[in-house]
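*Asks:* One structure follows; several queries about it will come next.
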DNA sequence: CTGCTCCCGGAAAGCGCATTCCGTCCGTCA
DNA sequence: TGACGGACGGAATGCGCTTTCCGGGAGCAG
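So this is what it looks like as structure tokens:
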């Protein structure tokens, strides 16, 4: 039983397909009231549902919004997705979702798939990688993105700009072929400056010995947070922090903390405890879990701070000092910018001091 | 700059569109090697990307998989979404996502939108409502779902079957018009029996006074868990538990626990503490937070158990006794069943005893 | 050498809809 | 009363692709 088509409705109503089309969608020409009534009645009786594919083909707008995230099960991304979804619903678009595990090559594939689907707009969320081994994939992603733009799509980057491995020192993306179409819009998440402010806030609380548990080198979000944090320390005349690298997730934090145990314990015993900055909340949670496992408690034996303020933190013990990012808002305004072309509000963010870094008394 | 079309590629390669189409997709007829080479080269040179809308129209398969959840930011659903997404990727489908806030009317809208998009399959996750005020919306959802099925779609329900308010005592959905198309497939989540097992496990730990913090009446998931838990108590000859109703989320649990404070405190003081069963983990987390706020600790002053084993629980203190649901697996097999027509593996689940219900010593 | 089959490329007919363009009819103004 | 403009339905075209159907050439058997 194939779906009811517009011409069937037209026939049932005794009018031409053109007329039926005009009454069943918001055309500029509205047929007479009587005839419109007939058509609507016929459509309802037959249970007509327009074929969005055909509509998209005939108009030239699919009503689709693409969202690309690293991992939809990660609260960071699912919060963003929630914002995107809610904006999409309001604007009557429907959401195409892809999780890429963070690899640029998968992201490229996603952009390609969305291009193929003729998505009206794409929101690309999550950190970029600047690792040399990702150069090729980054270039490909960049090309794919600009191709999408050239085809009339809109692209908004939530967090970081695309990375162009070939542009060694220039600003912007060099290639002239890239100047076609709407340029991508960036919702900048000020990782560097917020991390700097976090460092200053922690310094202000009296902490003076720092350790950073970071993600892998070349992960832009992590790198920026590390850099900003170090800058914040430097600006206060504090010694820069040692950086330990691990996976950018809870287990990474857990593993790193295990390596740090002795150091942390000694510092605690010596009365000059460490303050650990984990570059995201999940890593921070891993750190806390690992050290608790070792019998070390925050804030008694060490201080710890995270970044993002994911909602998982709400009932986490100890309350985790972090930097709040309005994730859902970011998703919302990314989607709105992508769909309407409006300039996005810049992402804000604020330091939230909680129990985990309670000032050494 | 409109996108490159197939005929442009064909022209560039000096062949007909038909031939180009045959080489650029997996047609059953593969043109000669030399000609195929030419076409591929032309496609690559021009940067051809097929228009999936047009393909969908011409074939009759969109390559789309629809997923409907209550709230994508809820770890319960984002875990399911992760599983769905990963299966979709493997099967080369792309995901349409909608969050409905759990209202049947939004769910109906989502099904309609997916029907309009000609999604190959739809996965509908989350609890159904049996509240009388949702009767109309449930009927509409049911009709919409069967219309989708009649149009050749596949539907899999992850968790509960659709509710048919008009079928008072019959099994199945009565209306004869409903018999067209593939019937919906259900991935049953055995809420009732698992809750029963949880009750028995807790009874086995020596708990004997129970309280249930449930969701609103008529929320099927909640109702089943309550019923199963009571049955489990009864089977052990234990008194049935008092049920307190609140919103089906963290704040609901929090609020309910606040009302329970005196009762819980008295019981703790009397040496015969309560064991509280919150029908989902987030409610349980709310309960713990509220009671901690009141100075009551689990498992010392009361015991508490949840349901779902969402991954947020990993670092929650105290470790929360719960029922583990393989959420990501459920998503996976739902998607696979929806896409391939394979029979889904029934969802399992197991009681996980943790510190929060440590046996009263 | 003729006749048949098989294979392969191209022409053409849609898929379901939007929209431009026409023809017609009516109303209006001179 | 005649001419003209406007409004309104319908016919037709095209969006980009797939697929059936054709026709011609090559290969083979008789």
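Protein chains in written order, with full-length UniProt numbering: chain Y, 1 to 361; chain W, 1 to 361. A virtual CB, placed ideally from N, CA and C, is assigned to each residue, including glycine.
1. For residue 329 of chain W, which option in W:312, W:319, W:308, W:212 has the closest C-alpha, if you only look at C-alpha atoms?
2. Apart from the five residues just before and just after residue 261 of chain W, which ones in its own chain have a Cβ nearer than 8 Å to its Cβ?
3. For residue 145 of chain Y, is the classification buried or exposed, using 16 other Cβ atoms within 10 angstroms of its Cβ as the cut-off for buried?
4. Suppose you measure from the CA of residue 279 of chain Y to the CA of residue 302 of chain Y; what does that come to, to the nearest Å?
5. On the CB-based measure, 16 or more other CB atoms within 10 Å of its CB, does residue 236 of chain W come out buried or exposed?
6. Can you tell me which of the three DSSP states residue 108 of chain Y falls into?
7. Comparing alpha-carbon positions, which option in Y:351, Y:305, Y:220 lies nearest residue 188 of chain Y?
8. Could you tell me how far apart the beta carbons of residue 347 of chain Y and residue 190 of chain Y are, in whole angstroms, since I believe they sit closer than 8 Å?
9. Nearest-angstrom Cα distance between residue 31 of chain Y and residue 10 of chain Y?
10. DSSP three-state call for residue 237 of chain Y: helix, strand or coil?
11. What does DSSP give as the partner residues of residue 242 of chain Y in its beta bridges?
12. What are the residues in the stretch 32 to 51 of chain W lying within 8 Å of chain Y by C-beta distance?
13. Locate the alpha helix (DSSP H) running through residue 9 of chain Y, then write down its first and last residues.
14. So what's residue 3 of chain W in DSSP terms, helix, strand or just coil?
15. What is the DSSP secondary structure of residue 322 of chain W, counted as helix, strand or coil?
16. Flag residue 280 of chain W as yes if its beta-carbon sits less than 9 Å from any beta-carbon of chain Y, otherwise no.
17. Tell me the start and end of each unbroken beta strand (DSSP E) in the stretch 78 to 127 of chain W that is at least 3 residues and wholly inside, in chain order.
18. Express the C-alpha separation of residue 64 of chain Y and residue 117 of chain W in angstroms, rounding to a whole number.
19. Taking only beta-carbon positions, decide if residue 220 of chain W is within less than 9 Å of chain Y.
20. Spell out the partners DSSP gives residue 254 of chain W in its beta bridges.
21. So with CB distances below 9 Å, who are the chain W contacts of residue 68 of chain Y?
22. Would you report the Cα separation of residue 315 of chain W and residue 283 of chain W, rounded to the nearest angstrom?
23. Suppose you measure from the CA of residue 299 of chain W to the CA of residue 270 of chain W; what does that come to, to the nearest Å?
24. Hey, out of W:141, W:200, W:153, whose CA is closest to residue 183 of chain W's CA?
25. Keeping to the same chain, check which residues put their C-beta closer than 8 Å to that of residue 200 of chain W; ignore five residues upstream and five downstream.
26. How would you list, in chain order, the residues of chain W whose beta-carbon sits under 8 Å from the beta-carbon of residue 72 of chain Y?
27. How many Å lie between residue 195 of chain Y and residue 357 of chain W at the Cα?
28. The alpha helix (DSSP H) spanning residue 52 of chain Y covers which residue range?
29. Less than 9 Å between the beta carbons of residue 66 of chain Y and residue 121 of chain Y, yes or no?
30. Taking beta-carbon pairs under 8 Å, can you tell me which members of the stretch 123 to 153 of chain W lie near chain Y?
31. When DSSP builds the beta bridges, which residues end up paired with residue 350 of chain W?
32. Would you grab the beta carbon distance between residue 163 of chain W and residue 130 of chain W for me? Rounded to a whole angstrom, and I think it's under 8 Å.
33. Kindly say whether residue 328 of chain W, judged by its beta-carbon, lies nearer than 9 Å to any beta-carbon of chain Y.
34. Could you tell me whether any Cβ in chain Y is nearer than 9 Å to the Cβ of residue 354 of chain W?
35. Output the boundary residues of the beta strand (DSSP E) element that contains residue 304 of chain Y.
36. Below 6 Å CB to CB, which residues in the same chain sit around residue 85 of chain Y once its five sequence neighbours on both sides are set aside?
*Replies:* Let me spell this out:
1. W:308
2. 290, 291, 294, 296
3. buried
4. 16 Å
5. exposed
6. helix
7. Y:220
8. 7 Å
9. 13 Å
10. coil
11. Y:211
12. 47, 49, 50, 51
13. 6 to 13
14. coil
15. strand
16. no
17. 94 to 99, 121 to 125
18. 10 Å
19. no
20. In the DSSP output, where bridge partners are listed per residue, residue 254 of chain W has none listed.
21. Going along chain W, no residue has its Cβ under 9 Å from residue 68 of chain Y, so there is no contact; the nearest lies around 11 Å.
22. 16 Å
23. 15 Å
24. W:153
25. 232, 235, 236
26. 72, 78, 81, 82, 85
27. 40 Å
28. 52 to 58
29. yes
30. 147, 150, 151, 152
31. W:324
32. 6 Å
33. yes
34. no
35. 303 to 305
36. 95
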